[in-house]
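The UniProt record's numbering numbers the first residue of the sequence shown as 1 and each following residue consecutively. C-beta atoms are modelled at their ideal positions from N, C-alpha and C, and glycine is treated no differently.
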Amino acid sequence: MSKLRERVDEAEGVPAGDGWPELAEPGSGLPAARPPAAAEPVDELPDIEYTGAIADVDQVPVHTAWARVMADVQSIGKGDRFSAGGGGNYQYRGVDRVLNAVGPALRRHGVMVIPVRTEANYRDVLTAASKKMRECTVTVTYSIRGPRGDEMPAQSCGESMDTGDKGTTKACTVAYRNLLITALSIPTRDPRLDAEASNHERGSAPAPRPADYRDEISDPRTSLGRLKQVAGELQQHNLLAAVVTNEVGEQEPLGAMYSRVVRQRRAEAGQ
């Protein structure tokens with residue numbers, strides 16, 4: 001195939017070669033190849049331009065510039081749709097649509113929104129369909145800077161689930177979209193908290209491990225009140241007879257270790 005033909009195919013969304021991936025070798029553990037899915041049409045977002053007069057653009061404080069952005073961006077339509085069988089069918093306001101509306105107003109009034117700190121937490125979860133996913137929740141702190149260089153802080157949270165390595169990016173994107181919608185008081189016209197184009201129903205939480213309880217029981221920072229709760233959880237999950245390696249490296253049933261540590265802790269507390 002000529003280089004020119006390859007470039008034309010690439011521009012038209014046609015994979016290189018004959019459009020079929022090579023088959024995996026037997027016993028390689030790779031998934032069987034399948035025909036490429038047809039590309040879905042991408043909706044073009046309309047260009048938005050704000051042309052109203054601006055007074056003292058280089059002099060106004062950040063809160064005044066932010067108020068002017070709010071005056072420009074008074075609504076954003078829900079032009080994106082999510083559809084997934086039992087997961088629901090609804091329209092939502094995607095981040096591209098929000099940025100397409102807010103971005104020109106921010107630039108017009110000399111306002112910058114800069115993330116300055118991100119706190120992320122991760123955990124493995126199972127969906128209702130027993131699909132393993134990685135959940136990411138982030139708290140992002142932003143600096144909103146005006147044309148005079150002064151700033152005001154803002155904070156937003158985002159959450160996502162992903163099977164690959166895009167969870168953090170998705171969560172940060174959701175946090176930014178939520179910040180713009182909330183801080184600019186953009187009406188949603190929907191009582192639900194709409195998600196990006198994904199909706200995962202959580203399954204049951206993973207069962208606790210004996211080693212986790214062992215670490216919590218042996219930790220001197222664990223309060224006596226929490227230890228009382230642990231007793232009920234050990235019975236609930238049938239872990240009293242589970243054998244663990246205790247704090248001195250010996251094998252010991254978890255229930256016996258719990259009783260021993262609690263007696264010692266209560267004696268130290270004078271109970």
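| Secondary structure at P61, three-state DSSP: helix, strand or coil? | Along the sequence shown, read from residue 1 onward, the residue named residue 61 stands at position 61. Correct three-state label for P61: coil.
| query | Is DSSP giving M257 helix, strand or coil here? | reply | Counting from 1 along the sequence shown, the entry for residue 257 is found at position 257. The answer is helix: DSSP assigns M257 an H, G or I state.
| My guess is that V113 and I181 are in contact by the Cβ rule of under 8 Å, so how many angstroms apart are they, rounded? | For the purposes of this step, residue 113 is identified with residue 113 of the sequence shown, where counting begins at 1. For the purposes of this step, residue 181 is identified with residue 181 of the sequence shown, where counting begins at 1. Going by Cβ atoms, the distance from V113 to I181 rounds to 13 Å, so no, they are not a contact pair.
| task | Answer yes or no: the CB of R177 versus the heavy atoms of the ligand ADP, is any distance below 8 Å? | result | Absence of the ligand ADP is noted for the structure shown, with no ligands found whatsoever.
| field | Cβ pair T139, T118 closer than 9 Å | value | Locating residue 139 in the sequence shown gives position 139, where the first residue counts as 1. Locating residue 118 in the sequence shown gives position 118, where the first residue counts as 1. T139 places its beta carbon less than 9 Å from that of T118.
| task | Along the beta strand (DSSP E) that carries K228, what are the first and last residues, could you check? | result | Residue numbering aside, residue 228 sits at position 228 when the sequence shown is read from its first letter. Per DSSP, K228 is not a residue of any beta strand (DSSP E); the alpha helix (DSSP H) it occupies stretches across L224 to Q236.
| request: Under 8 Å by Cβ, that's how I've got N187 and S75 pegged, so tell me the actual separation to the nearest angstrom. | output: To locate residue 187, count along the sequence shown from 1; it is residue 187. To locate residue 75, count along the sequence shown from 1; it is residue 75. It is worth fixing the name first, because residue 187 is Pro in this sequence and not Asn. About 6 Å separates the beta carbons of P187 and S75, which is inside the 8 Å limit, making them a contact pair.
| Residue of K166, V174 and E151 minimising C-alpha distance to E159 | Counting from one through the sequence shown, the residue named residue 159 turns up at place 159. Comparing alpha carbon positions, the residue from K166, V174 and E151 closest to E159 is V174.
| field | Those runs of the alpha helix (DSSP H) which lie wholly inside the stretch 162-192 and span at least 4 residues | value | Segments of the alpha helix (DSSP H) lying fully in the stretch 162-192: 167-183.
| task | For A105, I'd like the list of residues in its chain whose CB is within less than 7 Å of its CB, leaving aside the five on either flank, ordered along the chain. | result | Counting from one through the sequence shown, the residue named residue 105 turns up at place 105. Excluding sequence positions up to five before and after A105, its CB lies within less than 7 Å of the CB of Y50, V69, D72 and V73, all in the same chain and listed in chain order.
| Own chain residues within Cβ distance below 7 Å of A154, not counting five before or after | The sequence position of residue 154 within the sequence shown is 154, counting from 1. Taken in chain order, the residues that qualify are Y142, I144, L179 and A183.
| request: Measure the beta-carbon distance from R214 to L254 and round it to whole angstroms, keeping in mind my assumption that it falls under 8 Å. | output: Against the sequence shown, residue 214 aligns to sequence position 214. Against the sequence shown, residue 254 aligns to sequence position 254. About 6 Å; that satisfies the 8 Å criterion.
| task | Starting from the C-beta of H109, find all residues in its chain whose C-beta is less than 6 Å away, skip the five residues before and the five after it, and write them out in chain order. | result | In the sequence shown, counting from the first residue as 1, residue 109 sits at position 109. Excluding its 5 nearest sequence neighbours in each direction, H109 has C-beta neighbours in its own chain below 6 Å: A65, R68 and V69, listed in chain order.
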